[in-house]
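The structure under discussion appears below in the form of structure tokens.
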Amino acid sequence: MGFLKNFFGGSSSGSGQTAKNRLRIVLVHDRTDISPQLLEDLRQEMIGVLTKYMDIDTSKIELDLDRDEQAVAFVANVPVLRIKRGSGTWVEDD
Amino acid sequence: MGARVIVTTSGKGGVGKTTSTANIAAALAKFGKKVVAIDADIGLRNLDVVMGLENRVVFNFIDVIDGNCRLNQALVKDKRVPNLYLLPAAQTRTKDAVNPEQMVALCNQLKSDFDYILLDCPAGIEGGFKNAAAGADEALVVTTPEIPAVRDADRIIGMLESMGKSPIRLIINRLRPEMVQEGDMLAQDDILDVLSIPLIGIVPEDESVIKSANNGEPMTMSLNSPAAQAYLNIAERIMGNDVPLMDLNAYADHSFLRRIKKFFKRR
Chain A
-10 MGFLKNFFGG
0 SSSGSGQTAK
10 NRLRIVLVHD
20 RTDISPQLLE
30 DLRQEMIGVL
40 TKYMDIDTSK
50 IELDLDRDEQ
60 AVAFVANVPV
70 LRIKRGSGTW
80 VEDD
Chain B
43 MGARVIVTTS
53 GKGGVGKTTS
63 TANIAAALAK
73 FGKKVVAIDA
83 DIGLRNLDVV
93 MGLENRVVFN
103 FIDVIDGNCR
113 LNQALVKDKR
123 VPNLYLLPAA
133 QTRTKDAVNP
143 EQMVALCNQL
153 KSDFDYILLD
163 CPAGIEGGFK
173 NAAAGADEAL
183 VVTTPEIPAV
193 RDADRIIGML
203 ESMGKSPIRL
213 IINRLRPEMV
223 QEGDMLAQDD
233 ILDVLSIPLI
243 GIVPEDESVI
253 KSANNGEPMT
263 MSLNSPAAQA
273 YLNIAERIMG
283 NDVPLMDLNA
293 YADHSFLRRI
303 KKFFKRR
């Protein structure tokens, strides 16, 4: 029966589904390609925000994009030296 | 009049930018619009041959920019359809013969005389693409149902969006309905899901595309074929008419011969 079904255009190998899955993964990765300049700008701005609230070791900051097959995560590793006193309500005054 | 300026682009080469430009231009002219198709692929010009106007090219748009001739001397008038013109590219120059500001100025010069200016963009994402896209307000992105073409289309769409082009609409070219039905080709929804831009038309794989290019006569001028109909519909949608999508399944190749071939390939 199987061969009759094949002959009359039944089920198939479905390489279209494979293409769809591969395309999705390729695009997830393509769309998260960040230029070194952009990453550096992001780093500088993050340091600016973080130092308002805490003393950090800027020489040891690690920024990375973690990719697996399904998703991409932005991972920042920032060593904290000291949380500023009253940082909860701290307001820049100049 | 104040023409609408539309760039046809794709990123990847060989997916049908030039064919699409020629056929949409001819279709718009057939619907009574005044149209100029500009070949922005400097150094690798082809729109002239696809439109069948290669023997009538005297000047090109680099000559206009360099001041070697007047704009209307470089325009090639198509004698088969009223109101259809071609502005050819230079074949012996390179992409750096023009800059984006000059393209914008050229389009602005043409705007008052035409309803539509269609720019046929070179493949790639470098200077040639940026020149062609600079002059345009809107974009048509051509892709085929294959991973490399869709991936490159995604790149191009990102660039067009950051350049502020709107609307950016998608043409899916060379779709084979029987392969989609059999699950062996990316379907329209698979492509639209990932690219998330509006669809303006699907052109089925059709031998008449090659025949019309051989003859140098855009299909939309005379032929009655599935691809010709698809391009006529796209032209109507560009004009703002609400035309339903063709039932491509009607064109699926389920011939006995194809089934026999497929059956034996499987073994």
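If you read the protein sequences in the order shown, they are chains A and B. Take -10 as the starting number for the first sequence in my numbering and just add one per residue. Take 43 as the starting number for the second sequence in my numbering and just add one per residue. Built from N, CA and C at the ideal position, the CB exists for glycine as well.
Member of the options whose CA lies at the smallest distance from the CA of residue i
{"i": "A:V61", "options": "A:G5, A:K9, A:L70, A:R20", "result": "A:R20"}
{"i": "B:L312", "options": "B:D120, B:Q115, B:E203, B:V222", "result": "With chain B represented from 43 up to 309, any question about residue 312 of chain B goes unanswered, as that position is not in the structure."}
{"i": "B:L182", "options": "B:A139, B:I280, B:H296", "result": "B:I280"}
{"i": "B:V245", "options": "B:A229, B:S264, B:K153, B:D194", "result": "B:A229"}
{"i": "B:I199", "options": "B:L287, B:V251, B:L212", "result": "B:L212"}
{"i": "B:G56", "options": "B:T186, B:A69, B:G258", "result": "B:T186"}
{"i": "A:I14", "options": "B:T51, B:L152, B:K121, B:I189", "result": "B:I189"}
{"i": "B:N114", "options": "B:R122, B:V123, B:P219, B:L128", "result": "B:L128"}
{"i": "A:R74", "options": "A:D53, A:N66, A:V64, A:K41", "result": "A:K41"}
{"i": "A:R56", "options": "A:D22, A:T47, A:E34, A:V38", "result": "A:D22"}
{"i": "B:L234", "options": "B:S297, B:P164, B:Q271, B:R193", "result": "B:R193"}
{"i": "B:A178", "options": "B:D226, B:I210, B:S267", "result": "B:I210"}
{"i": "B:A292", "options": "B:V222, B:A165, B:K75, B:F305", "result": "B:V222"}
{"i": "B:P124", "options": "B:F156, B:N275, B:R87", "result": "B:F156"}
{"i": "B:N102", "options": "B:F73, B:V140, B:D231", "result": "B:V140"}
{"i": "B:G282", "options": "B:L217, B:F73, B:V146", "result": "B:F73"}
{"i": "B:N65", "options": "B:P142, B:L290, B:M288, B:E278", "result": "B:E278"}
{"i": "B:A191", "options": "B:S208, B:E249, B:L299, B:R216", "result": "B:R216"}
{"i": "B:A5", "options": "B:G166, B:V184, B:V118, B:I104", "result": "For chain B, the structure presents residues 43 to 309; residue 5 of chain B sits outside this window and is missing."}
{"i": "B:G44", "options": "B:Y273, B:K207, B:S154", "result": "B:S154"}
{"i": "B:I242", "options": "B:R87, B:N150, B:N275, B:I252", "result": "B:N275"}
{"i": "B:M205", "options": "B:K253, B:I214, B:P240, B:I167", "result": "B:I167"}
{"i": "A:K49", "options": "A:L39, A:R32, A:V67, A:E34", "result": "A:V67"}
{"i": "B:M288", "options": "B:K303, B:A272, B:F298, B:A294", "result": "B:A272"}
{"i": "A:T7", "options": "B:V92, B:G225, B:A294", "result": "B:G225"}
According to DSSP, residues forming a beta bridge with residue i
{"i": "B:G243", "result": "B:I213"}
{"i": "A:R71", "result": "A:D44"}
{"i": "B:T51", "result": "B:V183"}
{"i": "A:F63", "result": "A:L54"}
{"i": "B:V77", "result": "B:L126, B:Y158"}
{"i": "B:R46", "result": "B:Y158"}
Sequence-distant residues of its chain with Cβ nearer than 8 angstroms to residue i (five each side left out)
{"i": "B:G85", "result": "A131, A132, Q133, T134, R135, T136, K137"}
{"i": "A:D83", "result": "Annotation note: pLDDT 48 at A:D83 (below 50); position unreliable, no value reported."}
{"i": "B:C163", "result": "V49, T50, T51, S52, K59, A82, D83, G170, F171, A174, A175"}
{"i": "B:M227", "result": "P187, L217, R218, M221"}
{"i": "A:H18", "result": "R56, V61"}
{"i": "B:R300", "result": "E220"}
Cutoff 6 angstroms; reference residue i; Cβ partners in own chain excluding five residues on either side
{"i": "A:D44", "result": "L70, R71"}
{"i": "B:V106", "result": "L113, A116"}
{"i": "B:V77", "result": "A67, L70, A71, L126, Y158"}
{"i": "B:G94", "result": "G258, E259"}
{"i": "A:V64", "result": "D53, D55"}
{"i": "A:T47", "result": "I36"}
{"i": "B:D120", "result": "L126"}
{"i": "B:A165", "result": "G55"}
{"i": "B:M145", "result": "N173, A176, G177"}
{"i": "B:P240", "result": "R211"}
Cut-off 7 angstroms between Cβ atoms - residues of its own chain near residue i, not counting five sequence neighbours on either side
{"i": "B:R122", "result": "M263"}
{"i": "A:G(-9)", "result": "With a pLDDT of only 49 at A:G(-9), under the threshold of 50, the placement of this residue in the model should not be trusted, and no figure is reported."}
{"i": "B:T63", "result": "T50, A79, L89, L160, D162"}
{"i": "B:L290", "result": "L217, P219, I244, P246"}
{"i": "B:H296", "result": "E220"}
{"i": "A:K9", "result": "none"}
{"i": "B:A195", "result": "S52, G53, V183, T185, L237"}
{"i": "B:R87", "result": "D81, P130, A131, Q133"}
{"i": "B:A269", "result": "V245, P246, D248, S250, V251, M261"}
{"i": "A:E28", "result": "Correcting the residue type first, residue 28 of chain A is Leu in the shown sequence and not Glu. Hits under 7 angstroms: L52."}
{"i": "B:V118", "result": "L95, R98, V99, Y127, L128, P130"}
{"i": "B:Q151", "result": "L113"}
{"i": "B:S267", "result": "D248, S250, M261"}
{"i": "B:M201", "result": "I167"}
{"i": "B:L265", "result": "S250, S254"}
Mind listing which residues of the region 167 to 198 of chain B have their C-beta closer than 9 angstroms to chain A's C-betas, in chain order? Contact annotation: in the region 167 to 198 of chain B, residues whose CB is within less than 9 angstroms of a CB in chain A are P187, E188, I189, V192, R193, D196, R197.
Write down every uninterrupted run of the beta strand (DSSP E) in the region 93 to 156 of chain B whose length is 3 residues or greater and which is fully enclosed by it, in chain order. The region 93 to 156 of chain B contains these whole beta strand (DSSP E) runs: 126 to 129.
According to a CB-to-CB cut-off of less than 8 angstroms, which residues of the region 3 to 20 of chain A neighbour chain B? Hits within the stretch, in order: G3, S4, G5, Q6, A8, K9, R11, L12, R13, V15, L16, D19, R20.
Which complete beta strand (DSSP E) runs does the region 239 to 306 of chain B hold, if anything under 3 residues is left out? Complete beta strand (DSSP E) runs here, min 3: 241 to 246.
Using a Cβ-Cβ cut-off of less than 9 angstroms, list which residues of the region 199 to 225 of chain B approach chain A; keep chain order. Within the region 199 to 225 of chain B, the residues whose Cβ lies closer than 9 angstroms to some Cβ of chain A are G200, E220, M221, V222, Q223, E224, G225, listed in chain order.
Using a Cβ cut-off of 7 angstroms, which residues of the region 228 to 242 of chain B contact any Cβ in chain A, in chain order? Hits within the stretch, in order: L228, A229, D232, V236.
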